[in-house]
Every structure is written in C-alpha cells, then in structure tokens.
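Chains as they are written, first to last, in the working numbering: chain A, 291 to 636; chain B, 291 to 636; chain C, 291 to 636; chain D, 291 to 636.
For each residue, glycine too, the CB sits at the ideal point set by N, CA and C.
The model shown is predicted, which means the values in this text are computed figures rather than measured ones.
I have placed the structure first, in the form of structure tokens, so that the comments after it can refer back to it.
Number of protein chains: 4
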Amino acid sequence: MIKTGIIGATGYAGSELVRILASHPNVKITTITSQSYKGKNYGEIYENFRHIEKVCEEENIEEMAEKCDVIFLALPHGVASGKVTKEILDKTKIIDLGADFRLQDAKVYEKWYKTPHNALDILPEAVYGLCEINREKIKGKRIIANPGCYTTCSILSLYPLVKEKMIDLKTIIIDAKSGVTGAGRGISLGTHYDEVNESIKAYKIASHRHTPEIEEQLSYASGEDIVLSFTPHLTPMNRGILATCYASLNNSYSYSDIKSAYNKYYKDEYFIRLTKEGIFPETKWVKGSNFCDIGFVIDERTNRIIVTGAIDNLYKGAAGQAVQNMNILFDIDEKTGIDCPAIFPV
Amino acid sequence: MIKTGIIGATGYAGSELVRILASHPNVKITTITSQSYKGKNYGEIYENFRHIEKVCEEENIEEMAEKCDVIFLALPHGVASGKVTKEILDKTKIIDLGADFRLQDAKVYEKWYKTPHNALDILPEAVYGLCEINREKIKGKRIIANPGCYTTCSILSLYPLVKEKMIDLKTIIIDAKSGVTGAGRGISLGTHYDEVNESIKAYKIASHRHTPEIEEQLSYASGEDIVLSFTPHLTPMNRGILATCYASLNNSYSYSDIKSAYNKYYKDEYFIRLTKEGIFPETKWVKGSNFCDIGFVIDERTNRIIVTGAIDNLYKGAAGQAVQNMNILFDIDEKTGIDCPAIFPV
Amino acid sequence: MIKTGIIGATGYAGSELVRILASHPNVKITTITSQSYKGKNYGEIYENFRHIEKVCEEENIEEMAEKCDVIFLALPHGVASGKVTKEILDKTKIIDLGADFRLQDAKVYEKWYKTPHNALDILPEAVYGLCEINREKIKGKRIIANPGCYTTCSILSLYPLVKEKMIDLKTIIIDAKSGVTGAGRGISLGTHYDEVNESIKAYKIASHRHTPEIEEQLSYASGEDIVLSFTPHLTPMNRGILATCYASLNNSYSYSDIKSAYNKYYKDEYFIRLTKEGIFPETKWVKGSNFCDIGFVIDERTNRIIVTGAIDNLYKGAAGQAVQNMNILFDIDEKTGIDCPAIFPV
Amino acid sequence: MIKTGIIGATGYAGSELVRILASHPNVKITTITSQSYKGKNYGEIYENFRHIEKVCEEENIEEMAEKCDVIFLALPHGVASGKVTKEILDKTKIIDLGADFRLQDAKVYEKWYKTPHNALDILPEAVYGLCEINREKIKGKRIIANPGCYTTCSILSLYPLVKEKMIDLKTIIIDAKSGVTGAGRGISLGTHYDEVNESIKAYKIASHRHTPEIEEQLSYASGEDIVLSFTPHLTPMNRGILATCYASLNNSYSYSDIKSAYNKYYKDEYFIRLTKEGIFPETKWVKGSNFCDIGFVIDERTNRIIVTGAIDNLYKGAAGQAVQNMNILFDIDEKTGIDCPAIFPV
C-alpha cells in the first residue's frame with residue numbers, strides 16, 4: 291500500500307483528492323492536514339464523509355516525510371516552494387497541485403506571480419505532470435508539478451497541432467470557461483451565490499497566471515517561443531472547464547489530416563477521447579471523471595481550426611491527474627482508482 | 291460473476307444502473323435494451339460512456355432470462371407487470387425499478403394507477419426491496435420491487451418513529467423536494483430548462499402515486515392503517531430528494547429518546563447516517579452515493595417532531611438501491627460496488 | 291414628489307428598493323446611505339446602475355428627517371430601533387424593512403431575538419404593514435413595520451382560513467422554501483456558490499424568527515393564540531418564496547366553500563391572484579413582481595387543506611411591499627410604481 | 291396610442307414583447323396571435339399574466355394590418371417573408387424579429403438558410419434595425435429587420451474598431467456565450483433541464499446563421515468584405531449573452547486611443563455603457579434591460595484587443611430593441627417603455 295499524506299486537505303482540490311484516494315485500492319491515507327480546520331474531524335468539514343473518522347492534523351512536513359511514500363500539496367502559490375527541501379525529497383515523493391513548480395523559467399514565475407521563487411534549487415528537478423505528454427519524464431522522479439486546470443485542458447487540446455506544426459503559432463487564442471469550483475472554497479463577494487448564479491463574465495483577461503504555463507509547455511512542444519491569448523470566464527456551474535481554441539491553419543488540411551495528428555499522439559491514451567465529427571465536447575460528459583474530451587472543426591471560410599476540449603477541473607484538472615501522476619510514479623496501472631465515467635446527470 | 295441484463299437502460303435510472311454495474315467487481319453486464327435507441331451504441335446516447343462499446347438491443351426478456359442471473363427492469367408502470375411471468379422467474383431473478391410490484395394491495399394499485407394489475411399471480415411473491423427494513427425478506431427471493439425515490443427517503447425517515455409508536459399516526463405530513471431527474475429523460479414543457487430553472491413549485495398535491503406506497507409500508511411497520519399527506523415539489527437542481535416530515539409526538543420525548551429509537555433500527559446500517567444534533571441533512575452530502583442522511587428536531591412549542599431525510603433520487607432512490615438488492619440476493623457484501631461518498635461539489 | 295431616503299441601500303432589499311423607487315413616477319430619491327460603501331458611487335456597487343450617478347452617504351437620520359418625506363430602513367435587527375425616535379417621527383415617516391417593529395409583544399421579540407427592544411415608546415405606534423390585511427390601519431400612520439418575506443407569504447396564504455375559522459388552529463404547519471437572496475449579500479460559507487448550488491436543505495427548523503411574526507398576526511386574525519410549526523428551506527435559486535401550508539379542516543368543506551372564503555377577503559386585492567383549481571403557484575410567475583399567487587387542494591383522505599403561496603421575497607416580500615406601504619401612506623394609487631407582471635424566463 | 295399587433299406572441303421573444311408593450315405608455319396592444327395556442331387566454335400560457343384577460347387569436351395579417359399601426363412578427367425563418375407583402379406595408383409598419391429581412395444579400399440568405407427567399411421585392415426596403423448604428427435609416431421606414439441576439443451584441447462590441455480601421459479585419463474572432471432562452475420555448479432533448487444544467491458546450495461551430503449577419507453589417511461599416519469566426523456556446527442560465535471578441539490591432543494603440551474610438555460612436559448612446567478600465571461586463575448587470583455593456587483590454591504581449599460585450603438576449607437582443615425600433619419609427623423618445631436598469635439579483 292502506498293502511504294499518502296495530503297497537506298491542504300480541506301480546499302476543494304484537497305477534498306477531491308481525499309475522495310479519490312479513499313477508494314484507491316493501492317493507497318492508505320496516512321495523514322491529512324489543514325491550517326483552517328486542524329483538530330477537526332474531516333466528516334464535519336465535508337459532510338459527505340460523515341461516515342468516516344479522520345482528523346485534520348497540523349501540518350509537519352518533516353514528520354510526514356518519514357511516514358508517507360508520497361505527499362500531495364494543495365496549497366496557495368508561494369507556500370509549497372517554502373516547504374519542500376532536498377531533505378524532504380530524500381525521504382518521500384512530492385506531488386504539488388499548486389503553481390510553484392510548474393514553470394521552469396523562474397523569471398517568468400516571478401513576473402506573473404510577483405514574488406521571488408523560494409526553491410530555485412529544487413525547481414530543475416520538478417517535472418511538469420501532464421501525464422499524457424510527459425509520462426516518460428515523470429517515471430522515477432521525486433517531485434511532480436501537477437498542471438493547472440485551464441492548462442491541462444488547453445495544452446491537451448492543442449498539443450498535436452503544435453507538435454505537428456499544423457497551425458500558425460502566432461494566432462493561438464484560447465477562450466476558456468470554468469465552473470466556480472475553480473475559484474476554490476474561500477469566500478468572497480465574487481463567489482457569493484447570488485452574484486455568480488445566472489450570469490457569465492470574463493475575468494483576468496490577458497493576465498491569468500495559467501497563460502505562461504500553457505505557453506511554456508506548448509513552446510517545448512513546438513521548439514519555438516509561443517505567445518498566445520488566454521481568456522478565462524466564470525460560468526454558473528460547479529464543475530467543468532471548456533476550452534475553445536482558435537488558430538490559423540498552416541495549410542488547407544482536411545478533417546482526416548487533423549484527425550490523424552490527434553490520433554498520432556492520443557490513440558492509445560485512455561483518458562483522451564476524440565469526439566466524432568460534428569460532435570462537440572460538453573463538460574457534463576466528463577464531470578467526475580479523469581477524461582479529456584476533444585473535438586474540432588475546420589472553418590474553411592477563414593482557414594482556422596476551432597478545437598474544443600472539456601475536462602472536470604477538480605478531477606483531470608487537479609486531483610484525478612495528481613493520482614494519475616502517483617500511479618505513474620509508483621509504477622502501477624495508470625488508471626487505478628481513477629477509471630470511472632462521468633456521473634450524469636449530476 | 292453475476293450476469294446482468296437491463297431492460298430500459300436509456301432512461302436516467304437505467305443509465306445510472308449501467309454506470310454502477312459497469313464498475314461493480316462481481317458483475318458482468320450481459321445485455322442492455324432500449325426501445326427508443328435499439329441498435330445504437332450506448333456511448334452515443336450517453337456520451338460519458340464514449341470510451342466503451344455496448345449496443346442497445348431490442349428487448350427479449352425470454353432470451354435474456356436464459357443468459358442472465360438477474361434482470362433489472364426500468365420501465366413505465368404497467369409495462370413490467372406485462373413482461374414478468376412465472377416462467378421467467380424460474381430462470382432468472384428480477385429487480386423491478388418501476389411501480390408494478392411495490393403495492394401488495396392490488397386494489398390500491400388500481401385506484402392510484404387507474405389500470406388493472408397485469409400480474410396478480412406474481413405479486414404475492416414480490417418483496418418490497420427497502421433493504422434496511424426488509425433485508426431478511428429479500429434474501430433468496432426471485433422478484434424484488436425496488437422502492438420509489440420519494441418513498442425510500444420518506445419511509446427511512448419515519449420508520450423508527452412509526453415502529454416504536456412514538457408519533458400520532460394520524461398527523462403524518464411529508465413535504466418532499468426533488469431534483470428534476472426525478473421526472474426522467476422524457477421531454478416536456480414542464481422539464482424545459484427555462485421553465486424549471488430558478489423556480490420551485492408543488493405538484494400532484496395529495497395525489498402523487500408514491501403516497502400509497504409510503505402508507506402501505508408504514509402501515510406494515512405500525513400494524514395500523516396509516517393515511518398521510520404527501521406533497522412533492524420540483525426543485526431547480528438535477529439530483530437529490532429532501533423529505534421534511536412532520537408528526538405530533540405521543541409523549542414529551544427528549545432528543546435522546548428519539549435518538550435511541552433511530553439507533554435501535556439504524557445503528558448498524560452503513561448507508562443510514564444520523565446527523566448530529568443541530569445539523570440537518572442537505573442533498574449535496576449524499577449526491578452520487580447510496581447514503582440516506584437523517585436528522586430531526588423536537589419542537590417543544592407544538593410537541594411535534596420534524597425529521598428531514600436526504601437521498602440521491604437516482605442512487606439510493608433507484609439504481610444504487612437496486613444494486614444493493616442484487617448484492618443481498620446474491621449474498622455478497624451489501625456495500626459492494628456502491629460504497630462511495632457523495633461527490634462534492636458537483 | 292415624495293422625497294425619500296434609504297438607510298442601508300446596499301443590501302439586496304435596499305438595492306431592490308432603489309431600483310423600484312428610481313422609476314416610481316411620484317418619487318424623488320433624496321438620500322441613500324450605506325455603512326459599508328459610504329462615499330462610493332452606487333453604480334460601482336450595483337453595476338446595473340452603471341448609467342446613473344448617485345453617491346452613498348454616511349447615515350445621519352436627523353438630517354434626513356429634515357429633507358425626506360419618508361425614510362426606508364433596511365438594517366439588521368436591533369439597529370433600526372436604536373435610530374427611530376419620536377422626534378424623528380415628528381418630522382418624517384418611517385418604513386422599516388427590518389424586524390424591530392413587527393412584533394407588538396416586546397417579550398416575544400426579546401425571546402426570539404435575544405436582545406432587549408430599544409424603542410418600547412414607539413413600538414405601540416407601529417403598524418404591521420401587510421397591506422392587504424392592514425390597509426386601513428396603515429393610512430395616516432408615521433411608522434410602518436414592513437413584514438418579513440416568509441411572513442408575508444405565509445400569512446396571506448392562510449389568512450382567510452384562519453379568519454373564517456375553517457381550520458383547526460393547532461394543526462398549522464408551514465413548510466417554506468426560499469431563494470438564496472433571502473440570506474442577503476453578506477458573504478459566508480453557507481452562501482458560497484458551490485455550497486448552495488444544486489442542493490436543498492432545511493435550516494433553523496422550529497426556530498426561525500419569522501415564526502412569532504406569523505403567529506402574532508394570525509392570532510389577531512383568529513382572536514385566539516396560535517402556535518404553529520414553521521420550517522424554512524434554502525433553495526438553489528436567486529429569488530422566490532413558496533410556502534406550503536397544511537392544516538386540518540374543521541368541517542368537510544368543498545372546494546367552492548374554501549374558494550368563497552378566499553374571495554371574501556381577496557377578490558378586490560389586485561396583488562393577490564388565486565390560481566384556478568388544479569393549478570399550483572410557482573415562484574417563476576411572481577418573480578420581479580408584487581403579486582402573491584395562492585392555490586389550494588382539499589385532501590379528502592386526511593381532511594386537510596394544503597395551501598401553496600408564492601411571492602418574490604425581495605419584491606412583495608420586501609421592497610415592493612415597502613413601496614406599496616408608501617403609496618398607502620401618501621394616499622396615491624396603491625399600485626403606482628409596482629404594477630408589473632413577473633419577468634419570465636429570468 | 292400606437293395600435294400594435296404581435297404575430298407569434300407565445301414564444302419567449304413574443305412573450306417578452308407582450309410584457310414590454312403592456313406597460314409602454316404610448317401603446318395599445320390590439321391583437322396577439324399564436325399558432326399553438328389560438329383561442330387560449332394569454333394568462334394560461336404565461337401565468338405571470340394571470341391577472342389580465344387577453345386571448346390569442348388566429349393569425350390574419352391582412353385584418354391586423356387594417357387595425358394596427360405596427361405589427362411585430364416573432365416567427366421561424368421563412369415564415370415572415372411569406373406573409374409580408376407590399377399591400378401589407380401600404381397599411382401598416384412591420385418590425386420583424388426573425389431572420390428573413392436581416393440579410394440584404396439574398397444569396398447569402400439562401401446559402402445559410404438553405405431555402406429561397408420569399409420576398410425579394412420587399413427585401414431592399416427593409417432596414418437592419420440596429421438602432422445605435424442605423425437610427426437615421428430606420429426613421430420613416432415601413433419594414434424593420436430586428437437584429438439577432440448574438441448579432442446585436444457582436445456588432446455593437448466591434449463597430450467602432452471596424453469603422454475606425456483599428457483592427458486587422460481578417461483576424462476577428464467572436465466567442466459568444468448565450469443563456470438557454472436563446473433556444474426558444476420549443477422542447478427538445480437539447481433543452482431538457484438535466485441535459486443543460488451544470489454544463490457548457492459550443493455548438494454550430496463555424497456554422498451559426500448569425501455569422502453572415504455580423505459579417506454583412508461589419509462589412510458595411512468597414513467598406514470591405516469581412517469574413518470572421520463565430521462560435522456560440524450554450525451556457526447554463528436563462529438569459530444573457532456575452533460576446534468575447536478578439537482581433538489584432540493595426541497599430542500599438544493605447545487604452546485611451548481605443549476608448550476615444552468607442553466614445554466617438556457611443557458617448558451619446560444611452561443604452562450603450564462602456565465599463566471602466568479593469569471592469570468587465572457581466573450578463574447579470576444587463577438582465578431585464580435594454581443596455582449593452584462593453585469593456586476591452588489591450589493585450590500588449592500579442593498586440594490583440596479583447597472586447598467583451600453583454601446584453602440580455604430577450605431584451606436588447608430581441609423584444610427591447612424591437613420596441614426601440616418602434617419608438618424611432620413613431621418618433622417618440624427612444625427610451626420610452628424600455629428605460630429600466632437590470633433587475634438584480636434575479
């Protein structure tokens with residue numbers, strides 16, 4: 291059994307991690323911690339766990355490193371990088387659901403997060419845990435940067451086109467729509483029920499921190515520096531991300547040309563499902579699952595491709611992919627514990 | 291492996307059944323049928339199953355009875371009772387998610403459903419599959435009437451009080467609120483998005499067909515004929531039932547008196563969770579799970595008890611309980627395949 | 291033109307009041323105040339007013355009393371009663387949307403609100419502003435206690451039955467469902483979008499402060515002391531209240547007997563609409579309006595009546611009725627400025 | 291009083307028209323017609339009108355033309371063009387909420403609507419009723435093509451940039467999100483509550499019929515043929531459209547350069563509100579109103595502009611703008627009857 295610890299278990303991503311790990315056949319949850327709720331029974335914080343007994347402890351990463359084979363971090367940016375040290379990594383593996391180890395270029399990190407990076411010594415060792423793309427790099431590593439939710443959906447949607455140089459890299463636009471869980475459990479007027487319900491808005495236009503993460507990974511894929519437009523939207527629903535991606539095609543490709551490119555990279559990827567021609571992804575079909583659904587249309591009038599990708603932001607976009615990374619790290623079947631279809635209607 | 295068939299697999303309850311059975315470790319789904327979608331791949335009807343291949347067949351219950359250890363029926367009332375015969379029951383077990391075998395009193399059935407009963411010869415053999423109450427009667431049977439959604443929630447909420455004669459049986463009122471999946475997948479103006487969203491209404495006041503079902507079962511429990519008021523409400527959410535139950539207390543009971551009564555019947559029931567004093571059930575804490583959460587308040591000013599119970603109408607109120615019945619029938623651990631906490635937030 | 295002031299203009303009820311008064315043909319809004327947003331332009335707080343200029347001032351009720359013909363108070367309980375004095379009432383009229391002047395029995399106030407009453411000298415002068423019932427008492431008064439939202443809906447639904455002594459007063463149960471705006475604009479985990487959306491719960495069972503308000507008014511109507519059960523529910527929608535009311539009938543009344551009772555009191559009431567037999571109120575049909583829709587069913591099996599009433603909690607349940615009270619006080623057509631049908635679908 | 295008739299009064303746009311016209315001070319509704327509900331009282335179809343008596347008649351446009359000063363048509367495409375004749379236009383004015391007279395290029399109409407145009411003789415006379423742009427052309431005309439919902443929002447968002455040639459016309463992408471009322475009141479699985487709720491999807495990618503309408507109008511503005519990408523999305527809310535528009539800037543414009551361009555065209559437009567820098571439109575701030583809110587961001591990294599525009603699809607996107615057109619045609623204050631802020635929260 292893989293002994294796991296979760297630091298920051300009481301946010302939405304942490305809670306989804308608890309839910310998934312609690313039924314994972316190869317896992318024992320050793321320790322869960324919470325700054326806000328230490329000493330409190332988990333079933334009083336998340337009453338869906340009313341039937342189990344598990345107390346939130348005060349965080350002590352050194353102690354946890356002794357007891358756990360892997361520690362998941364679900365913390366605000368800047369915090370994880372202050373906790374993880376080489377000594378910790380000598381004792382346990384780290385899967386960080388936050389942003390601190392996602393960007394290899396620390397200058398970019400500092401520019402977008404407006405804070406110095408706290409763990410420059412460890413950063414080079416971190417692998418960007420987008421499983422379908424970086425599986426081989428993940429194996430055997432000690433620290434994995436679990437990708438952001440928007441990022442996962444955006445990169446998976448565009449990767450084959452970028453890798454195969456089928457699109458003009460200067461024309462990429464990603465218009466993304468997220469459910470409200472993406473904003474976390476912290477209260478604010480912006481997430482007050484009546485302010486969100488029955489309305490949609492764009493926010494952080496051209497300034498969302500997932501932008502450089504998408505750019506860095508797609509730049510690796512293309513071998514060229516990519517600068518793109520990313521616009522997130524707050525959508526009145528709990529879960530789900532839909533990324534609508536636009537780019538000019540470099541050639542007059544047919545539907546099957548593009549399809550072949552996607553198949554080249556994804557045909558053996560269990561968690562990526564291409565929709566049939568004329569069928570577009572909907573977030574409901576991936577909710578509560580680790581799947582990423584991708585569909586595309588070639589607009590002959592403009593010679594653009596429009597790709598839509600859908601994931602569950604808390605599952606494939608956070609906790610599910612974190613467990614997928616764990617499965618890879620511990621060399622067990624990658625689907626273990628996360629192989630469920632969306633629950634629908636829910 | 292238990293070979294299972296599902297007749298009527300493309301309604302919401304049928305679909306939830308497919309989802310649960312597909313990941314049940316002891317089950318193989320042999321045949322699924324659909325009148326509306328025969329010949330169509332299930333993943334095109336419910337795209338959350340996009341990654342699997344399974345074709346909906348035309349229904350032939352005789353053939354299925356040869357191949358299946360158990361057949362689930364998810365059909366409109368009046369249809370199941372026309373299909374099940376003694377010959378079928380000699381070959382396979384039946385778990386009927388519809389209404390046809392729930393009422394032992396055929397006259398009551400005919401009065402509320404305004405149609406003669408088609409299987410009077412089989413009716414006496416059918417057991418009302420409310421697992422926590424009728425577990426012993428279910429074992430070894432051939433045909434189980436899986437309870438209605440409102441019914442499951444209402445009976446479980448009131449059973450200990452009725453059984454222990456703590457309430458005045460003439461004063462029972464159940465005010466129930468259901469998500470829209472309770473109305474099924476059939477389209478109508480009444481379930482058109484913009485007509486349901488952001489509004490609540492009562493419907494079928496004093497005339498909903500789950501009323502006699504609740505009355506019959508509670509009458510068995512009390513040994514007296516119970517007539518009660520039941521009011522269903524359509525609530526703007528996909529899933530969940532909350533039953534708010536009122537009754538006058540026969541005595542000035544304390545909180546712990548009542549709690550003892552509930553514990554007497556439920557303390558070993560895994561799927562029934564009593565909330566702590568002052569905490570009331572919410573449908574979100576049971577969504578996507580087989581749990582029934584129950585809480586109560588004693589209103590000293592009126593000497594009434596108010597009990598609230600919450601279930602997921604498609605899970606404990608339909609498919610999950612059907613699988614629980616299957617587990618009992620096939621003598622495997624009752625929790626197998628249905629032991630998951632609610633998914634939250636979803 | 292009636293010069294009006296609003297103290298507490300930036301809560302949801304205050305904002306609805308601003309919206310209604312801004313288009314009232316006989317009204318000029320003189321002053322609006324806000325504790326949280328003083329000095330800020332109203333169109334930055336509520337961006338639906340982006341096109342108008344109106345700054346929130348610091349509250350000074352004495353100054354406002356000089357300038358305003360009427361002041362609306364939309365304040366937390368205990369605050370209004372600390373502000374209103376006889377001197378204020380000599381200069382202006384007060385319509386209080388809060389709870390402080392609703393209960394004539396100060397002991398009951400103190401018991402339910404757990405605080406002494408701050409204005410016992412003024413309390414006897416206050417009139418309970420349920421317009422359809424107390425219209426004649428309202429005329430010419432100086433201080434009106436605008437009824438609570440649940441209260442308005444509950445009393446209007448039951449008044450004719452109580453007044454005509456058609457129901458057993460000891461059997462009244464009100465099961466009420468409210469949209470989330472009822473909880474106001476103050477942020478909390480309980481009103482965080484993902485915690486409310488897609489779920490329903492009862493809260494403050496047998497302990498909600500609108501209970502004594504309903505009881506006091508219905509006791510006046512019947513001439514007897516009424517004690518009843520009231521259960522509020524939080525419903526996943528922005529606006530609307532549905533009250534489902536139960537009581538045992540004192541006789542075997544026919545549908546038309548009951549209908550006659552309602553007509554006796556309401557046939558000339560523009561804002562009360564009885565639904566046709568078999569049609570039940572839905573909150574969507576009153577949203578954004580001052581109407582109260584009422585329907586009922588006689589359950590012959592139990593000899594109970596079930597009455598459902600629907601209002602918009604922010605309109606008829608707060609700001610709209612406050613304006614209706616103002617219209618009565620200033621002797622203009624009661625419908626002025628509030629005569630609009632529900633906006634649907636919205 | 292302007293005598294008005296409405297043909298197709300029982301769809302959502304027709305119903306919103308009834309609601310607005312019923313309280314318009316210069317209007318008398320003479321006749322309303324409905325194919326589905328002829329002979330039925332309007333208050334039984336839309337119960338928010340429960341308090342008024344108005345029967346839906348069978349449509350007879352010739353008779354209506356005699357009695358009405360203006361007839362609004364809210365009909366499926368292809369139907370209006372079969373009804374309107376020169377004889378009708380000699381007797382009354384027509385404001386058509388459908389698509390038939392929006393495209394001046396009949397070939398484009400036939401290509402996108404896959405049907406011949408039925409009124410080629412009248413088409414040249416029709417004016418595209420986007421009031422803020424075509425006000426002067428509308429005056430004195432006999433037939434107005436009321437713009438589509440997506441179209442109104444998209445054109446108003448981009449018009450100044452196109453007119454002032456500040457953007458590269460080949461790079462325009464419009465990613466639009468609509469509430470479900472955009473799909474009308476006709477029932478289908480795609481608008482069944484549980485299929486829409488809590489999910490978002492793109493649909494008709496690169497093939498939605500509002501595309502040529504946007505292109506034609508923007509081409510008029512620019513004097514060049516514009517081909518653009520338009521992607522509509524179905525958003526889980528009743529009302530509202532948000533259009534997120536992307537284009538490459540022709541120069542390195544500052545925020546105030548762009549703002550000046552918008553001000554040049556819109557500073558005196560009451561119904562267009564530019565948001566302050568850093569504030570982005572949200573559909574909730576325009577719901578139930580005729581306003582169009584517009585905000586923009588210059589993305590210096592990509593030299594793109596991102597403009598977001600928000601309207602209420604049933605109001606400014608349909609019925610409200612139709613009334614605005616009527617006001618212009620009949621030379622009364624353009625705001626009459628449609629000057630209300632959004633109702634919030636609703």
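Alpha-carbon to alpha-carbon, residue j and residue i
{"i": "A:G465", "j": "B:K606", "result": "Looking at the sequence shown, residue 465 of chain A is not Gly but Asp. So the two alpha carbons sit approximately 39 Å from each other."}
{"i": "D:K404", "j": "D:C346", "result": "31 Å"}
{"i": "C:C358", "j": "D:Y560", "result": "30 Å"}
{"i": "B:R594", "j": "D:E343", "result": "45 Å"}
{"i": "C:L448", "j": "D:C630", "result": "35 Å"}
Contact with chain C by residue i, beta-carbon distance below 8 Å
{"i": "D:C630", "result": "yes"}
{"i": "D:T471", "result": "yes"}
{"i": "A:R475", "result": "yes"}
Interface flag, residue i vs chain A, CB-CB below 8 Å
{"i": "B:I633", "result": "yes"}
{"i": "D:S650", "result": "Any property of residue 650 of chain D remains undetermined from this structure, which presents chain D solely from 291 to 636."}
Residue i at chain D interface by Cβ criterion, 8 Å
{"i": "A:M527", "result": "yes"}
{"i": "C:S313", "result": "yes"}
{"i": "C:V636", "result": "yes"}
{"i": "C:Y302", "result": "yes"}
{"i": "A:T441", "result": "no"}
{"i": "C:R309", "result": "yes"}
{"i": "A:L518", "result": "yes"}
Three-way DSSP call (helix, strand, coil) for residue i in this model
{"i": "A:I335", "result": "helix"}
{"i": "A:H482", "result": "strand"}
{"i": "C:G295", "result": "strand"}
{"i": "C:V587", "result": "strand"}
{"i": "D:E454", "result": "coil"}
{"i": "A:V374", "result": "coil"}
{"i": "C:R563", "result": "strand"}
{"i": "B:I633", "result": "coil"}
{"i": "B:E624", "result": "coil"}
{"i": "A:L448", "result": "helix"}
{"i": "C:C439", "result": "helix"}
{"i": "A:L518", "result": "coil"}
{"i": "B:D380", "result": "helix"}
{"i": "C:K491", "result": "strand"}
Endpoints, the beta strand (DSSP E) within which residue i is located
{"i": "A:C535", "result": "I531 to S538"}
{"i": "B:R594", "result": "R594 to I601"}
{"i": "A:V360", "result": "V360 to L363"}
is_contact[residue i, chain B] using C-beta, thresh 8 Å
{"i": "C:D465", "result": "yes"}
Any C-beta of chain E under 8 Å from that of residue i
{"i": "B:I495", "result": "Structure shown: chain E not included; protein chains present are A, B, C and D."}
_Positions along the region 331 to 354 of chain D whose CB lies within less than 8 Å of some CB in chain B_ = Within the region 331 to 354 of chain D, not one residue has a Cβ closer than 8 Å to any Cβ of chain B.
*Give, in chain order, every residue of the region 477 to 492 of chain A whose Cβ lies closer than 7 Å to some Cβ of chain C.*
Those residues of the region 477 to 492 of chain A that come within reach of chain C (Cβ to Cβ, closer than 7 Å) are I477, S478, L479, T481, H482, Y483, D484, V486, N487 and E488.
*Can you list, in chain order, the residues of the region 566 to 596 of chain C whose Cβ is nearer than 9 Å to any Cβ on chain B?*
Listed in sequence order: F570, P571, E572, T573, K574, W575, K577, G585, F586, V587, I588, D589, E590, R591, T592, R594 and I596.
*Please list the residues of the region 530 to 562 of chain D that have a C-beta atom closer than 8 Å to any C-beta atom in chain A, keeping them in chain order.*
Here the close residues are G530, L532, T534 and Y536.
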